Amino acid sequence: MGAMSLAELEPVAHPLVPATYRVVARRVETDDITTLSIEPTSGSDPPFRPGQFNMLTAFGVGEVAISISSAPDTPGPMEHTIRDVGAVTHALCRVQVGSILGVRGPFGTDWGVDELDDADVVVVAGGIGLAPLRGAISYLVDKPGRRGRVYVLAGARSPDQVTFAEDLERWRRDGADVELTVDVAPPEWRGPVGVVTGLLPAASFDPPRTVALVCGPEIMMRFTIRSLVDLGVRPGSIRVSLERNMQCGVGWCGHCQLGPLLLCRDGPVIAYSEPLARLMSVREL
Amino acid sequence: MTETIGELVAEHPLFSGLPADVAELVGGCSKNVAIAAGQLVLEEGEPARTLYLLRRGHVALEVHQPGRAPLVVERIGPGQAVGWSWMFPPYRWHFDVRALEPIGAIAVDAECLRTKADADPAFGYLLLQRLCAVMLDRLQATRLRLLDVYGRDVAR
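Protein chains in written order, with my numbering: chain A, 16 to 300; chain B, 234 to 389.
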């Protein structure tokens with residue numbers, strides 16, 4: 016075997032070194048939520064699974080963990096849906112098409128939707144919590160031969176704060192039971208008004224054979240889990256997406272620790288369990 | 234076969250599982266009503282005289298505001314009940330309720346119900362248990378909404 020010159024070596028991606036991506040499209044979802052479509056400046060996207068996240072860098076501002084909001088098998092660029100809540104997300108929400116971002120990832124666990132062919136799946140999403148679930152829902156709705164039903168129950172603050180309205184309509188058209196509720200509405204709104212947990216009793220899923228995927232503000236997830244368990248869904252069949260202060264993305268730095276878990280590595284998607292219930296009830300961390 | 238009003242009451246989730254004589258007591262205060270879409274079912278400030286057990290169609294709980302469109306704060310549908318203000322003085326509605334579509338409901342006369350509950354405390358207790366369970370659910374849901382969990386401060 017002959018020796019290779021340095022020029023012949025393929026560069027090895029280091030998990031802490033961002034790759035450069037170009038913003039190829041930008042869609043404003045609501046007054047503070049924007050979806051960016053990005054493509055690598057060289058090579059192709061690494062494979063990812065629904066529920067995983069990337070660390071996005073706005074150069075000169077900082078880095079932040081953002082879930083991938085597109086589906087792996089969908090043609091076209093990878094998408095991230097970002098809410099403007101701080102300096103980095105503010106910068107990301109304002110980047111223009113053609114701008115260059117840094118991307119590390121994908122990191123973390125996924126929703127495991129490829130194991131759910133026979134189960135009824137109830138997806139409960141609050142606000143921007145629909146973004147990390149979008150790829151999972153598309154997978155479940157589009158997969159030929161799936162036997163279980165798909166229920167999508169989404170909550171938003173008001174009709175003008177609804178994200179992915181076109182996707183909700185498409186999933187409904189393609190066979191999913193989709194309900195959208197808002198906290199408050201103008202009189203022309205004909206859909207449900209109230210908290211997202213209020214949609215659960217009317218959804219006709221079979222609790223013992225149902226898997227629930229839940230993502231949203233943590234308070235909403237706590238109440239949703241309680242309602243699901245009260246309806247008869249097995250706690251181990253509930254999967255939640257948790258977020259803490261993700262920084263390295265690979266379980267080295269410890270910033271995202273939740274008890275024994277490092278959420279960037281052991282999460283963000285975690286099966287609900289008694290230990291997790293205790294951790295989600297911790298008042299101060 | 235035509236069902237009696239007592240049987241219809243017994244089938245409604247608010248009263249399901251109660252002894253038949255209890256449902257008959259409620260049925261004795263009840264009648265079937267049909268309400269056209271768009272009609273105001275309850276009007277804020279007006280005397281509260283009826284408990285509605287919805288069987289078909291949805292209604293919107295609205296708060297009106299001068300010079301602007303009303304805000305819908307809750308949508309209530311089949312299997313649910315609407316109207317609590319008849320339980321306590323001053324027996325006046327606190328919100329508007331509008332039919333979003335043609336409504337089929339059991340309208341229970343509130344004064345009749347209160348009279349029977351006063352005369353038969355065991356019946357009154359059963360009635361309160363059922364009504365309070367629903368009121369508790371609505372209260373908890375309202376508290377959750379008060380938190381504005383999708384708002385900027387608490388959103389992920």
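Ideal Cβ positions, reconstructed from N, Cα and C, are used throughout, including at glycine. Just so you know, these numbers come straight off a predicted model, no measurement behind them.
Whether residue i touches residue j by CB criterion (9 Å)
| i | j | result |
| --- | --- | --- |
| A:A73 | A:L116 | yes |
| B:Y383 | A:M295 | no |
| A:D192 | A:R164 | yes |
| B:A340 | B:S249 | no |
| B:A338 | B:V242 | no |
| A:Q262 | A:E94 | no |
| B:W317 | B:L287 | no |
| A:G213 | B:A374 | yes |
| A:V136 | A:A227 | yes |
| B:R331 | B:E295 | yes |
| A:V244 | A:V284 | no |
| B:D381 | A:R172 | yes |
| A:R109 | A:P33 | no |
| A:D125 | A:A151 | yes |
| B:A314 | B:L364 | yes |
| A:Y154 | A:A86 | yes |
Cβ-heavy atom distance, residue i to the ligand FMN, below 8 Å
| i | result |
| --- | --- |
| A:I48 | The ligand content of the structure shown is nil, which means the ligand FMN is not present either. |
Option nearest residue i by Cα separation, candidates the options
| i | options | result |
| --- | --- | --- |
| B:A256 | B:V367, B:F356 and B:L377 | B:F356 |
| B:L377 | A:G190, A:G113 and A:V211 | A:V211 |
| A:T45 | A:R185, A:F179 and A:S84 | A:F179 |
| A:E233 | A:C279, A:L31 and A:R259 | A:R259 |
| B:G312 | B:I336, B:W319 and B:L369 | B:I336 |
| A:Q176 | A:D182, A:D47 and A:K158 | A:D47 |
| A:P201 | A:V118, A:E194 and A:P174 | A:P174 |
| A:C279 | A:S219, A:P216, A:Q67 and A:V248 | A:Q67 |
| A:D88 | A:I97, A:D129 and A:D221 | A:D129 |
| A:R41 | A:A34, A:P55, A:L31 and A:S114 | A:S114 |
| A:M70 | A:K158, A:Y36 and A:L131 | A:Y36 |
| B:R282 | B:L247, B:A366, B:Y324 and B:P354 | B:Y324 |
| B:G290 | B:E244, B:I268 and B:E236 | B:I268 |
| B:E279 | B:A366, B:W319 and B:L379 | B:W319 |
Contact set between residue i and chain D, taken where Cβ atoms lie within less than 7 Å
| i | result |
| --- | --- |
| A:M235 | As a matter of chain content, chain D is missing from the structure shown, whose protein chains are A and B. |
Alpha carbon of residue i to alpha carbon of residue j, nearest angstrom
| i | j | result |
| --- | --- | --- |
| A:M16 | A:P61 | Bear in mind that a pLDDT of 49 at A:M16, under 50, signals an unreliable position, so the number given afterwards is only what the model happens to contain. For A:M16 and A:P61, the distance between alpha carbons rounds to 30 Å. |
| B:V259 | B:V274 | 21 Å |
| A:S252 | A:I240 | 10 Å |
| B:P252 | B:E277 | 34 Å |
| A:G75 | A:L257 | 27 Å |
| B:L333 | B:A293 | 6 Å |
| A:A286 | A:V138 | 14 Å |
| A:V100 | A:G144 | 14 Å |
| B:L360 | B:L346 | 9 Å |
| A:V208 | A:L107 | 32 Å |
| B:G271 | A:R205 | 12 Å |
| A:I53 | A:R293 | 38 Å |
| B:Q362 | A:V112 | 60 Å |
| A:D189 | B:F321 | 48 Å |
| A:G170 | A:E194 | 9 Å |
| A:Q272 | A:G264 | 11 Å |
| A:R64 | B:D254 | 58 Å |
| B:V387 | A:R237 | Note that B:V387 scores 45 on pLDDT, short of 50, meaning its location in the model is unreliable; the coordinates nonetheless yield the value given after this. Those two C-alpha atoms are separated by around 14 Å. |
| B:L369 | A:T196 | 20 Å |
| A:E181 | A:R187 | 10 Å |
| A:R98 | A:T104 | 6 Å |
| B:G239 | B:K349 | 15 Å |
| A:S8 | A:R249 | No answer is possible for residue 8 of chain A: the residues shown for chain A start at 16 and end at 300. |
| A:I83 | B:H327 | 45 Å |
| A:D132 | A:P121 | 24 Å |
Bridge partner(s) assigned by DSSP for residue i
| i | result |
| --- | --- |
| B:F328 | Paired residue(s): none; B:F328 is not in a bridge. |
| B:C345 | Looking at the DSSP assignment, B:C345 forms no beta bridge with any residue, so it has no partner. |
| A:M70 | A:A80 and A:R119 |
| A:M93 | A:I53 |
| A:A34 | A:V118 |
| B:P280 | B:R325 |
| A:D192 | A:Y166 |
| A:I152 | Per DSSP, none; premise fails for A:I152. |
| A:V265 | BP columns for A:V265 are empty, so no partner. |
| A:C230 | A:A140 |
Extent of the continuous beta strand (DSSP E) run through residue i
| i | result |
| --- | --- |
| B:K264 | S263 to I268 |
| A:V165 | V165 to A171 |
| B:I238 | B:I238 -> not in any beta strand (DSSP E); alpha helix (DSSP H) instead, spanning I238 to E244. |
| A:R293 | Careful: A:R293 lies outside any beta strand (DSSP E), inside the alpha helix (DSSP H) at E289 to M295. |
| A:H270 | Looking at the DSSP string, A:H270 is not in any beta strand (DSSP E), and its letter there is neither H nor E. |
| B:L275 | L273 to L275 |
| A:L278 | No beta strand (DSSP E) holds A:L278; the alpha helix (DSSP H) holding it covers L278 to D281. |
Residue i, enclosing alpha helix (DSSP H) - first and last residue
| i | result |
| --- | --- |
| A:S242 | E233 to L246 |
| B:C365 | P354 to L379 |
| A:L107 | A102 to C108 |
| B:E307 | Where B:E307 is concerned, there is no enclosing alpha helix (DSSP H), although the beta strand (DSSP E) it sits in stretches over R301 to I309. |
| A:E130 | Taken as a continuous stretch (DSSP letters only), A:E130 belongs to no alpha helix (DSSP H), as it is neither H nor E. |
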